[in-house]
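Residue numbers (this note's numbering): 75 to 603.
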(Lines of atoms letter the chains of each structure in order from A and count residues from 1; the text may use other names and numbers.)
(Lines give C-alpha, C1' and ligand atoms only; values in the text may rest on other atoms or scores of the structure.)
Protein backbone atom coordinates (compact mmCIF):
# COMPACT_ATOMS: atom_id res chain seq x y z
CA UNK A 1 0.00 0.00 0.00
CA UNK A 2 1.12 3.57 -0.63
CA UNK A 3 0.42 6.63 1.46
CA UNK A 4 1.11 10.35 1.22
CA UNK A 5 2.02 11.71 4.65
CA UNK A 6 2.06 15.50 4.79
CA UNK A 7 2.90 18.21 7.32
CA UNK A 8 5.91 16.50 8.91
CA UNK A 9 7.65 19.35 10.77
CA UNK A 10 11.27 18.95 11.83
CA UNK A 11 13.90 21.35 13.14
CA UNK A 12 16.57 22.77 10.87
CA UNK A 13 19.12 20.48 12.52
CA UNK A 14 17.13 17.26 12.17
CA UNK A 15 18.75 13.97 11.32
CA UNK A 16 17.50 12.21 8.14
CA UNK A 17 16.49 9.23 10.27
CA UNK A 18 13.89 11.46 11.96
CA UNK A 19 11.88 11.55 8.71
CA UNK A 20 11.41 7.79 8.78
CA UNK A 21 10.54 7.81 12.48
CA UNK A 22 7.94 10.54 11.93
CA UNK A 23 6.34 8.54 9.10
CA UNK A 24 6.17 5.38 11.23
CA UNK A 25 4.57 7.36 14.03
CA UNK A 26 1.95 8.84 11.70
CA UNK A 27 1.10 5.41 10.24
CA UNK A 28 1.35 3.67 13.62
CA UNK A 29 3.31 0.76 12.18
CA UNK A 30 6.65 -0.91 13.07
CA UNK A 31 9.71 -0.22 10.94
CA UNK A 32 9.62 -3.77 9.56
CA UNK A 33 6.35 -2.99 7.78
CA UNK A 34 7.77 -0.04 5.80
CA UNK A 35 9.16 -1.01 2.37
CA UNK A 36 10.52 2.48 1.72
CA UNK A 37 9.75 6.15 1.32
CA UNK A 38 10.75 9.21 -0.67
CA UNK A 39 10.32 12.94 -0.20
CA UNK A 40 7.67 14.38 -2.52
CA UNK A 41 7.71 17.90 -1.11
CA UNK A 42 10.12 19.91 1.01
CA UNK A 43 9.45 23.46 2.17
CA UNK A 44 10.49 25.96 4.84
CA UNK A 45 8.12 27.33 7.49
CA UNK A 46 9.59 30.64 8.70
CA UNK A 47 6.31 32.26 9.80
CA UNK A 48 7.16 32.25 13.51
CA UNK A 49 10.77 33.31 13.79
CA UNK A 50 13.02 32.40 15.48
CA UNK A 51 11.36 28.95 15.29
CA UNK A 52 11.97 27.83 11.71
CA UNK A 53 11.06 24.35 10.55
CA UNK A 54 11.56 22.11 7.56
CA UNK A 55 8.20 20.70 6.42
CA UNK A 56 7.99 17.47 4.43
CA UNK A 57 5.49 15.34 2.57
CA UNK A 58 6.49 11.72 2.04
CA UNK A 59 5.34 8.93 -0.24
CA UNK A 60 5.52 5.79 1.91
CA UNK A 61 5.10 2.21 0.72
CA UNK A 62 4.17 -0.47 3.26
CA UNK A 63 4.14 -4.28 3.26
CA UNK A 64 0.75 -5.97 3.08
CA UNK A 65 -2.45 -4.42 4.39
CA UNK A 66 -2.03 -1.36 6.57
CA UNK A 67 -4.84 0.12 8.60
CA UNK A 68 -5.46 3.72 7.51
CA UNK A 69 -5.10 5.94 10.58
CA UNK A 70 -7.66 8.66 11.28
CA UNK A 71 -5.19 11.46 10.59
CA UNK A 72 -5.83 14.31 8.17
CA UNK A 73 -2.14 14.28 7.26
CA UNK A 74 -2.28 10.68 5.97
CA UNK A 75 -3.84 9.84 2.61
CA UNK A 76 -4.03 6.50 0.83
CA UNK A 77 -2.69 6.70 -2.73
CA UNK A 78 -5.00 5.10 -5.25
CA UNK A 79 -3.11 3.44 -8.10
CA UNK A 80 -4.26 4.90 -11.41
CA UNK A 81 -3.10 3.60 -14.78
CA UNK A 82 -0.86 5.94 -16.75
CA UNK A 83 -2.73 7.74 -19.48
CA UNK A 84 -1.85 6.41 -22.91
CA UNK A 85 -2.16 8.70 -25.91
CA UNK A 86 -4.11 7.07 -28.73
CA UNK A 87 -3.52 8.54 -32.21
CA UNK A 88 -6.53 10.06 -33.91
CA UNK A 89 -8.08 9.03 -37.22
CA UNK A 90 -7.12 11.98 -39.43
CA UNK A 91 -4.15 11.22 -41.66
CA UNK A 92 -1.10 13.44 -41.22
CA UNK A 93 1.06 13.12 -44.33
CA UNK A 94 3.69 15.75 -43.46
CA UNK A 95 5.87 16.08 -40.39
CA UNK A 96 4.50 18.52 -37.80
CA UNK A 97 6.51 21.73 -37.49
CA UNK A 98 7.27 23.38 -34.15
CA UNK A 99 8.36 27.03 -34.31
CA UNK A 100 10.49 28.05 -31.33
CA UNK A 101 12.57 26.26 -28.69
CA UNK A 102 11.39 27.95 -25.52
CA UNK A 103 9.68 25.71 -22.93
CA UNK A 104 6.45 25.42 -24.95
CA UNK A 105 8.27 24.51 -28.17
CA UNK A 106 10.74 22.14 -26.55
CA UNK A 107 8.06 20.19 -24.73
CA UNK A 108 5.71 20.13 -27.71
CA UNK A 109 8.58 18.84 -29.82
CA UNK A 110 9.61 16.29 -27.21
CA UNK A 111 6.12 14.83 -26.74
CA UNK A 112 5.53 14.68 -30.50
CA UNK A 113 8.88 12.95 -30.95
CA UNK A 114 8.21 10.51 -28.10
CA UNK A 115 4.99 9.51 -29.84
CA UNK A 116 6.65 8.89 -33.21
CA UNK A 117 5.58 12.05 -35.07
CA UNK A 118 9.14 13.07 -36.10
CA UNK A 119 8.65 16.84 -35.68
CA UNK A 120 10.77 19.49 -37.34
CA UNK A 121 11.68 22.08 -34.69
CA UNK A 122 12.73 25.47 -36.09
CA UNK A 123 14.63 28.07 -34.04
CA UNK A 124 15.58 31.51 -35.36
CA UNK A 125 18.51 31.88 -32.95
CA UNK A 126 21.63 29.91 -32.21
CA UNK A 127 22.18 26.69 -30.26
CA UNK A 128 23.06 27.31 -26.62
CA UNK A 129 26.79 26.79 -27.12
CA UNK A 130 27.01 29.64 -29.67
CA UNK A 131 24.23 31.69 -28.14
CA UNK A 132 26.06 31.91 -24.82
CA UNK A 133 29.09 33.49 -26.51
CA UNK A 134 26.87 35.90 -28.46
CA UNK A 135 25.10 37.02 -25.28
CA UNK A 136 28.38 37.47 -23.40
CA UNK A 137 29.69 39.63 -26.25
CA UNK A 138 26.61 41.83 -25.98
CA UNK A 139 27.09 42.15 -22.23
CA UNK A 140 30.74 43.08 -22.66
CA UNK A 141 30.58 45.63 -25.48
CA UNK A 142 26.93 46.18 -26.47
CA UNK A 143 27.15 44.29 -29.78
CA UNK A 144 23.58 43.03 -30.22
CA UNK A 145 22.59 40.19 -32.52
CA UNK A 146 18.86 40.76 -33.20
CA UNK A 147 18.37 37.09 -34.09
CA UNK A 148 20.20 35.52 -31.15
CA UNK A 149 20.24 37.18 -27.74
CA UNK A 150 18.75 36.83 -24.25
CA UNK A 151 15.25 36.63 -25.80
CA UNK A 152 15.94 34.51 -28.91
CA UNK A 153 17.85 31.27 -29.25
CA UNK A 154 17.78 27.73 -27.95
CA UNK A 155 15.77 27.48 -24.74
CA UNK A 156 14.06 30.83 -25.23
CA UNK A 157 14.19 33.70 -22.74
CA UNK A 158 14.12 31.24 -19.85
CA UNK A 159 17.64 30.01 -20.60
CA UNK A 160 19.06 33.22 -19.14
CA UNK A 161 16.95 33.26 -16.00
CA UNK A 162 16.84 31.37 -12.75
CA UNK A 163 15.15 28.34 -14.25
CA UNK A 164 12.37 28.82 -11.68
CA UNK A 165 9.83 26.02 -11.78
CA UNK A 166 7.24 27.41 -9.38
CA UNK A 167 3.78 27.73 -10.84
CA UNK A 168 0.25 28.53 -9.72
CA UNK A 169 -1.40 26.12 -12.13
CA UNK A 170 -2.65 22.73 -10.98
CA UNK A 171 -2.22 20.39 -13.92
CA UNK A 172 -1.21 16.73 -14.12
CA UNK A 173 1.35 17.66 -16.77
CA UNK A 174 3.43 19.64 -14.23
CA UNK A 175 4.86 16.37 -12.94
CA UNK A 176 5.94 15.39 -16.44
CA UNK A 177 7.65 18.74 -16.91
CA UNK A 178 9.72 18.26 -13.75
CA UNK A 179 10.49 14.64 -14.61
CA UNK A 180 11.64 15.47 -18.14
CA UNK A 181 13.87 18.29 -16.84
CA UNK A 182 15.35 15.87 -14.30
CA UNK A 183 15.96 13.21 -16.97
CA UNK A 184 17.65 15.92 -19.04
CA UNK A 185 20.16 16.78 -16.32
CA UNK A 186 18.49 19.01 -13.72
CA UNK A 187 19.19 18.20 -10.07
CA UNK A 188 16.84 15.66 -8.47
CA UNK A 189 15.65 18.17 -5.86
CA UNK A 190 13.42 19.85 -8.45
CA UNK A 191 11.12 16.85 -8.03
CA UNK A 192 10.32 17.69 -4.41
CA UNK A 193 11.36 21.24 -3.47
CA UNK A 194 8.40 23.54 -2.86
CA UNK A 195 10.14 26.25 -4.90
CA UNK A 196 12.28 24.32 -7.37
CA UNK A 197 14.82 26.02 -9.61
CA UNK A 198 17.37 24.67 -12.06
CA UNK A 199 19.81 27.58 -12.25
CA UNK A 200 20.99 29.27 -15.44
CA UNK A 201 24.32 27.43 -15.50
CA UNK A 202 22.65 24.00 -15.27
CA UNK A 203 19.73 24.93 -17.51
CA UNK A 204 22.02 25.57 -20.46
CA UNK A 205 23.10 21.93 -20.44
CA UNK A 206 19.56 20.70 -19.74
CA UNK A 207 18.35 22.46 -22.89
CA UNK A 208 21.11 20.83 -24.95
CA UNK A 209 20.15 17.42 -23.57
CA UNK A 210 16.50 18.00 -24.44
CA UNK A 211 17.49 18.90 -27.98
CA UNK A 212 19.43 15.66 -28.32
CA UNK A 213 16.56 13.65 -26.83
CA UNK A 214 14.18 15.09 -29.44
CA UNK A 215 16.65 14.01 -32.13
CA UNK A 216 17.06 10.55 -30.58
CA UNK A 217 13.30 9.98 -30.92
CA UNK A 218 13.38 10.90 -34.60
CA UNK A 219 12.81 14.64 -34.45
CA UNK A 220 14.85 17.31 -36.24
CA UNK A 221 16.07 20.56 -34.64
CA UNK A 222 17.31 23.38 -36.87
CA UNK A 223 18.91 26.69 -35.86
CA UNK A 224 19.16 29.96 -37.78
CA UNK A 225 15.76 28.97 -39.18
CA UNK A 226 13.54 32.01 -38.80
CA UNK A 227 9.96 31.50 -39.93
CA UNK A 228 9.12 34.60 -41.95
CA UNK A 229 5.69 33.60 -43.25
CA UNK A 230 2.98 31.00 -42.96
CA UNK A 231 1.26 29.44 -45.95
CA UNK A 232 -2.51 29.15 -45.55
CA UNK A 233 -4.87 27.68 -48.15
CA UNK A 234 -8.65 27.65 -47.77
CA UNK A 235 -8.42 28.21 -44.03
CA UNK A 236 -5.90 25.37 -43.53
CA UNK A 237 -2.20 25.71 -42.77
CA UNK A 238 -0.20 24.33 -45.69
CA UNK A 239 3.39 25.22 -44.86
CA UNK A 240 5.94 27.66 -43.49
CA UNK A 241 8.50 29.91 -45.16
CA UNK A 242 11.97 29.91 -43.56
CA UNK A 243 14.34 32.86 -43.97
CA UNK A 244 12.20 34.24 -46.83
CA UNK A 245 13.39 31.51 -49.19
CA UNK A 246 12.70 27.92 -48.14
CA UNK A 247 9.14 26.59 -48.06
CA UNK A 248 8.39 23.52 -45.94
CA UNK A 249 4.98 21.88 -46.47
CA UNK A 250 3.02 21.18 -43.29
CA UNK A 251 -0.53 20.33 -42.24
CA UNK A 252 0.23 20.96 -38.56
CA UNK A 253 2.27 23.88 -37.17
CA UNK A 254 2.90 24.62 -33.49
CA UNK A 255 3.46 28.34 -32.98
CA UNK A 256 5.69 28.68 -29.89
CA UNK A 257 7.48 31.93 -30.74
CA UNK A 258 7.82 33.51 -27.27
CA UNK A 259 6.72 36.87 -25.90
CA UNK A 260 9.38 38.98 -27.66
CA UNK A 261 9.05 37.87 -31.30
CA UNK A 262 7.71 41.24 -32.36
CA UNK A 263 8.71 41.00 -36.01
CA UNK A 264 7.05 37.60 -36.25
CA UNK A 265 3.88 38.93 -34.60
CA UNK A 266 3.78 41.71 -37.18
CA UNK A 267 4.34 39.31 -40.11
CA UNK A 268 1.62 36.98 -38.86
CA UNK A 269 -0.79 39.86 -38.36
CA UNK A 270 -0.16 41.07 -41.91
CA UNK A 271 -0.81 37.50 -43.04
CA UNK A 272 -4.25 37.46 -41.49
CA UNK A 273 -3.66 35.76 -38.12
CA UNK A 274 -6.02 37.12 -35.47
CA UNK A 275 -4.46 38.86 -32.43
CA UNK A 276 -5.96 40.58 -29.40
CA UNK A 277 -4.39 42.93 -26.87
CA UNK A 278 -3.40 41.46 -23.50
CA UNK A 279 -2.44 43.08 -20.18
CA UNK A 280 1.06 42.71 -18.77
CA UNK A 281 3.25 44.64 -16.32
CA UNK A 282 6.25 46.97 -16.45
CA UNK A 283 8.69 48.44 -13.94
CA UNK A 284 12.29 47.96 -12.88
CA UNK A 285 14.68 45.48 -11.30
CA UNK A 286 15.36 46.21 -7.64
CA UNK A 287 18.52 44.96 -5.89
CA UNK A 288 19.35 44.48 -2.22
CA UNK A 289 22.25 42.71 -0.53
CA UNK A 290 21.23 39.06 -0.27
CA UNK A 291 22.16 39.11 3.43
CA UNK A 292 19.45 41.75 4.02
CA UNK A 293 16.81 39.48 2.47
CA UNK A 294 18.11 36.45 4.38
CA UNK A 295 17.91 38.33 7.69
CA UNK A 296 14.40 39.59 6.93
CA UNK A 297 13.11 36.12 6.10
CA UNK A 298 15.06 33.90 8.50
CA UNK A 299 16.22 36.15 11.35
CA UNK A 300 18.96 34.64 13.52
CA UNK A 301 18.88 31.40 11.50
CA UNK A 302 19.80 33.18 8.26
CA UNK A 303 23.21 31.51 7.96
CA UNK A 304 21.93 27.97 8.48
CA UNK A 305 23.13 25.75 5.58
CA UNK A 306 19.72 24.13 5.11
CA UNK A 307 18.09 27.45 4.27
CA UNK A 308 20.23 28.85 1.47
CA UNK A 309 19.49 32.21 -0.16
CA UNK A 310 16.04 33.53 0.79
CA UNK A 311 13.48 34.70 -1.71
CA UNK A 312 10.30 36.77 -1.40
CA UNK A 313 7.04 37.58 -3.13
CA UNK A 314 5.18 40.84 -2.49
CA UNK A 315 1.85 42.25 -3.71
CA UNK A 316 0.13 45.57 -3.08
CA UNK A 317 -3.14 46.81 -4.56
CA UNK A 318 -3.06 50.49 -5.53
CA UNK A 319 -6.50 51.46 -6.77
CA UNK A 320 -7.20 49.51 -9.96
CA UNK A 321 -3.58 48.40 -10.28
CA UNK A 322 -1.28 45.96 -8.54
CA UNK A 323 2.36 46.62 -7.68
CA UNK A 324 4.26 43.41 -7.06
CA UNK A 325 7.56 41.58 -7.12
CA UNK A 326 8.10 39.13 -9.96
CA UNK A 327 10.76 36.63 -11.05
CA UNK A 328 12.77 37.06 -7.85
CA UNK A 329 16.39 35.89 -8.23
CA UNK A 330 18.19 35.14 -4.95
CA UNK A 331 21.96 35.59 -5.12
CA UNK A 332 21.74 36.52 -8.78
CA UNK A 333 22.42 39.10 -11.46
CA UNK A 334 20.43 41.72 -13.33
CA UNK A 335 20.97 40.98 -17.00
CA UNK A 336 20.90 43.12 -20.15
CA UNK A 337 18.10 41.58 -22.22
CA UNK A 338 17.36 43.75 -25.25
CA UNK A 339 16.38 42.16 -28.56
CA UNK A 340 16.21 45.37 -30.61
CA UNK A 341 18.88 48.05 -31.11
CA UNK A 342 18.77 51.33 -29.17
CA UNK A 343 16.67 49.86 -26.37
CA UNK A 344 17.34 48.83 -22.79
CA UNK A 345 15.55 45.81 -21.31
CA UNK A 346 16.33 44.14 -18.00
CA UNK A 347 15.75 40.67 -16.61
CA UNK A 348 17.14 38.65 -13.70
CA UNK A 349 18.96 35.36 -13.42
CA UNK A 350 20.61 33.14 -10.80
CA UNK A 351 22.98 30.23 -11.12
CA UNK A 352 22.21 26.98 -9.33
CA UNK A 353 24.26 27.97 -6.25
CA UNK A 354 22.51 31.34 -5.86
CA UNK A 355 25.65 32.63 -4.19
CA UNK A 356 26.08 36.11 -5.70
CA UNK A 357 26.16 39.16 -3.43
CA UNK A 358 22.83 40.71 -4.39
CA UNK A 359 19.22 39.60 -4.53
CA UNK A 360 17.17 41.06 -7.36
CA UNK A 361 13.55 41.03 -8.39
CA UNK A 362 11.31 42.73 -10.89
CA UNK A 363 9.27 45.44 -9.15
CA UNK A 364 6.45 46.01 -11.57
CA UNK A 365 2.95 47.47 -11.94
CA UNK A 366 0.06 46.06 -13.94
CA UNK A 367 -0.69 47.65 -17.30
CA UNK A 368 -4.03 47.31 -19.10
CA UNK A 369 -4.83 47.59 -22.82
CA UNK A 370 -6.47 50.95 -22.12
CA UNK A 371 -2.99 52.27 -21.26
CA UNK A 372 -1.50 51.32 -24.64
CA UNK A 373 -2.69 54.43 -26.48
CA UNK A 374 -4.56 52.71 -29.31
CA UNK A 375 -6.81 49.85 -30.33
CA UNK A 376 -4.50 48.12 -32.80
CA UNK A 377 -4.02 44.48 -31.70
CA UNK A 378 -0.23 44.98 -31.60
CA UNK A 379 -0.35 48.33 -29.80
CA UNK A 380 1.09 46.79 -26.63
CA UNK A 381 4.33 46.18 -28.51
CA UNK A 382 4.62 49.88 -29.30
CA UNK A 383 3.92 50.68 -25.67
CA UNK A 384 6.82 48.43 -24.60
CA UNK A 385 9.14 49.84 -27.25
CA UNK A 386 8.47 53.40 -26.18
CA UNK A 387 9.69 52.84 -22.61
CA UNK A 388 12.61 50.66 -23.70
CA UNK A 389 13.82 53.45 -26.01
CA UNK A 390 13.39 56.04 -23.29
CA UNK A 391 15.48 53.84 -20.99
CA UNK A 392 18.16 53.86 -23.70
CA UNK A 393 17.96 57.67 -23.71
CA UNK A 394 18.05 57.92 -19.91
CA UNK A 395 21.15 55.73 -19.82
CA UNK A 396 23.05 58.10 -22.11
CA UNK A 397 22.39 56.50 -25.55
CA UNK A 398 25.46 54.23 -25.21
CA UNK A 399 23.75 50.96 -24.14
CA UNK A 400 24.15 51.83 -20.46
CA UNK A 401 21.16 51.00 -18.29
CA UNK A 402 19.71 53.77 -16.12
CA UNK A 403 20.07 53.08 -12.38
CA UNK A 404 18.77 54.94 -9.34
CA UNK A 405 19.01 54.74 -5.56
CA UNK A 406 15.66 53.90 -4.00
CA UNK A 407 15.78 56.98 -1.74
CA UNK A 408 16.33 59.25 -4.75
CA UNK A 409 13.44 57.57 -6.59
CA UNK A 410 11.12 58.10 -3.63
CA UNK A 411 12.22 61.75 -3.27
CA UNK A 412 11.71 62.42 -6.97
CA UNK A 413 15.29 63.34 -7.85
CA UNK A 414 17.76 61.85 -10.29
CA UNK A 415 20.63 59.92 -8.78
CA UNK A 416 24.08 61.44 -9.21
CA UNK A 417 25.85 58.46 -7.64
CA UNK A 418 25.09 55.16 -5.96
CA UNK A 419 25.59 54.02 -2.37
CA UNK A 420 26.50 50.77 -0.66
CA UNK A 421 24.61 48.48 -3.04
CA UNK A 422 26.59 47.89 -6.21
CA UNK A 423 24.50 47.05 -9.27
CA UNK A 424 25.09 43.57 -10.69
CA UNK A 425 23.87 44.53 -14.18
CA UNK A 426 25.79 42.65 -16.87
CA UNK A 427 26.42 45.80 -18.92
CA UNK A 428 27.37 49.36 -18.04
CA UNK A 429 25.11 51.61 -15.93
CA UNK A 430 24.44 55.34 -15.58
CA UNK A 431 22.83 57.07 -12.56
CA UNK A 432 19.54 58.52 -13.76
CA UNK A 433 15.86 59.08 -12.96
CA UNK A 434 13.35 56.26 -13.54
CA UNK A 435 10.61 58.84 -14.03
CA UNK A 436 12.19 59.51 -17.45
CA UNK A 437 11.55 55.97 -18.67
CA UNK A 438 8.37 54.79 -16.95
CA UNK A 439 4.76 56.05 -17.07
CA UNK A 440 3.67 58.32 -14.22
CA UNK A 441 1.00 55.83 -13.13
CA UNK A 442 3.64 53.13 -12.77
CA UNK A 443 6.06 55.19 -10.67
CA UNK A 444 3.15 56.49 -8.57
CA UNK A 445 2.01 52.94 -7.79
CA UNK A 446 5.57 51.89 -7.00
CA UNK A 447 5.98 54.74 -4.52
CA UNK A 448 2.66 53.90 -2.90
CA UNK A 449 3.66 50.28 -2.40
CA UNK A 450 7.07 50.79 -0.80
CA UNK A 451 6.05 51.34 2.83
CA UNK A 452 3.85 48.24 2.77
CA UNK A 453 6.63 46.15 1.18
CA UNK A 454 9.08 47.36 3.81
CA UNK A 455 6.72 46.33 6.60
CA UNK A 456 6.28 42.89 5.08
CA UNK A 457 10.00 42.46 4.33
CA UNK A 458 12.19 44.55 6.61
CA UNK A 459 14.98 46.17 4.64
CA UNK A 460 13.16 46.23 1.29
CA UNK A 461 12.92 50.01 1.59
CA UNK A 462 16.63 50.53 2.35
CA UNK A 463 17.82 53.87 0.97
CA UNK A 464 20.69 52.41 -1.08
CA UNK A 465 18.67 49.68 -2.82
CA UNK A 466 19.31 50.00 -6.56
CA UNK A 467 16.69 50.27 -9.29
CA UNK A 468 17.71 49.30 -12.84
CA UNK A 469 15.38 50.11 -15.73
CA UNK A 470 13.39 48.96 -17.46
CA UNK A 471 11.55 45.64 -17.04
CA UNK A 472 8.97 45.34 -19.83
CA UNK A 473 8.95 41.68 -20.90
CA UNK A 474 7.01 40.23 -17.97
CA UNK A 475 4.59 38.50 -20.36
CA UNK A 476 3.27 38.76 -23.88
CA UNK A 477 1.41 41.95 -24.88
CA UNK A 478 -0.78 39.90 -27.25
CA UNK A 479 -2.93 36.79 -27.34
CA UNK A 480 -3.63 34.64 -30.40
CA UNK A 481 -7.19 33.38 -29.82
CA UNK A 482 -7.72 29.65 -30.20
CA UNK A 483 -10.83 27.49 -30.15
CA UNK A 484 -11.87 24.28 -28.43
CA UNK A 485 -9.51 22.26 -30.61
CA UNK A 486 -6.65 24.61 -29.54
CA UNK A 487 -6.21 25.76 -33.16
CA UNK A 488 -5.94 29.42 -34.07
CA UNK A 489 -9.21 31.06 -34.99
CA UNK A 490 -9.77 30.69 -38.73
CA UNK A 491 -6.65 28.59 -39.45
CA UNK A 492 -7.00 24.82 -39.08
CA UNK A 493 -3.77 23.04 -38.17
CA UNK A 494 -2.14 26.11 -36.59
CA UNK A 495 -1.64 25.68 -32.83
CA UNK A 496 -0.53 28.84 -30.92
CA UNK A 497 1.05 27.94 -27.59
CA UNK A 498 3.03 29.23 -24.64
CA UNK A 499 3.86 32.74 -23.49
CA UNK A 500 4.06 34.30 -26.93
CA UNK A 501 0.51 33.22 -27.75
CA UNK A 502 -0.71 34.55 -24.39
CA UNK A 503 -1.40 31.19 -22.70
CA UNK A 504 1.36 30.91 -20.11
CA UNK A 505 3.36 32.88 -17.58
CA UNK A 506 6.57 31.08 -16.73
CA UNK A 507 8.61 28.02 -17.62
CA UNK A 508 6.30 25.35 -16.20
CA UNK A 509 3.02 26.80 -17.47
CA UNK A 510 4.56 27.31 -20.93
CA UNK A 511 5.90 23.74 -20.96
CA UNK A 512 2.51 22.40 -19.82
CA UNK A 513 0.78 24.30 -22.62
CA UNK A 514 3.25 22.85 -25.13
CA UNK A 515 2.50 19.34 -23.87
CA UNK A 516 -1.25 20.04 -24.06
CA UNK A 517 -0.89 21.10 -27.70
CA UNK A 518 1.20 18.03 -28.58
CA UNK A 519 -1.36 15.75 -26.94
CA UNK A 520 -4.15 17.41 -28.93
CA UNK A 521 -2.24 16.83 -32.16
CA UNK A 522 -1.65 13.16 -31.34
CA UNK A 523 -5.30 12.64 -30.42
CA UNK A 524 -6.39 14.26 -33.69
CA UNK A 525 -3.92 12.90 -36.24
CA UNK A 526 -2.33 9.63 -37.21
CA UNK A 527 1.14 10.26 -38.66
CA UNK A 528 1.95 8.33 -41.82
CA UNK A 529 5.58 9.37 -42.03
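Ideal Cβ placement from N, Cα and C applies to all residues, glycine included.
query                                                                                                                                                                                   : result
In three-state DSSP terms, what is residue 77?                                                                                                                                          : strand
Relative to the alpha-carbon of residue 324, which residue among 539, 161, 594 and 173 has its alpha-carbon at the smallest distance?                                                   : 173
Give the DSSP-derived three-state secondary structure of residue 434 in the structure shown.                                                                                            : strand
For the stretch 417-432 against the stretch 516-523, do three or more pairs of beta-carbon atoms, one drawn from each stretch, fall closer than 8 Å, so that the two count as touching? : no
Taking only the alpha-carbon atoms, compute the straight-line gap between residue 586 and residue 254 and give it to the nearest angstrom.                                              : 12 Å
For the 8 Å Cβ check, are there 3 or more pairs between the stretch 467-482 and the stretch 536-544?                                                                                    : yes
What are the boundary residues of the alpha helix (DSSP H) that residue 517 is part of?                                                                                                 : 514-530
Evaluate residue 374 with the Cβ neighbour count: other Cβ atoms within 10 Å of its Cβ, from every protein chain shown; 16 or more gives buried, anything less gives exposed.           : exposed
Assuming residue 545 and residue 356 form a contact by the criterion Cβ under 8 Å, report the distance between their Cβ atoms to the nearest whole angstrom.                            : 6 Å
Would you mind sorting residue 469 into buried or exposed? The rule is 16 or more other CB atoms within 10 Å of its CB.                                                                 : buried
Report the rounded CA-to-CA distance for residue 582 versus residue 384, giving the unit in angstroms.                                                                                  : 21 Å
What three-state label does DSSP hand residue 120 in the structure shown?                                                                                                               : strand
Using the Cα positions of residue 228 and residue 123, report the straight-line distance between them to the nearest angstrom.                                                          : 43 Å
In this structure, does DSSP put residue 250 in helix, strand or coil?                                                                                                                  : helix
When the Cα of residue 547 is compared with those of 152, 401, 184 and 464, which residue comes out closest?                                                                            : 401
Taking 8 Å as the CB-CB cut-off, is residue 577 touching chain C?                                                                                                                       : As a matter of chain content, chain C is missing from the structure shown, which is built from one protein chain.
Residue 238 by DSSP, collapsed to three states: which one?                                                                                                                              : strand
Note down the Cα distance separating residue 543 from residue 96, rounded to an integer number of angstroms.                                                                            : 49 Å
Excluding the 5 residues preceding and the 5 following residue 452 in the sequence, name in chain order all residues of the same chain whose CB lies nearer than 7 Å to its CB.         : 339, 340, 343, 349 and 552
Under 8 Å between the Cβ atoms of residue 437 and residue 512?                                                                                                                          : no
Rounded to the nearest angstrom, what separates residue 306 and residue 280 at their Cα positions?                                                                                      : 35 Å
For the stretch 264-284 and the stretch 234-242, state whether three or more C-beta atom pairs, one from each stretch, are separated by less than 8 Å.                                  : yes
Quick check: what's the CA-CA separation for residue 150 versus residue 116?                                                                                                            : 19 Å
Determine contact between the stretch 160-169 and the stretch 410-417, defined as no fewer than three beta-carbon pairs at a distance below 8 Å.                                        : no
For residue 533, tell me which candidate among 363, 146, 166 and 394 has the shortest Cα-Cα distance.                                                                                   : 363
Looking at the secondary structure, which residues open and close the beta strand (DSSP E) in which residue 356 lies?                                                                   : 354-363
Please check the pair residue 83 and residue 119, which I expect to be a contact at CB under 8 Å, by giving their CB distance rounded to whole angstroms.                               : 7 Å
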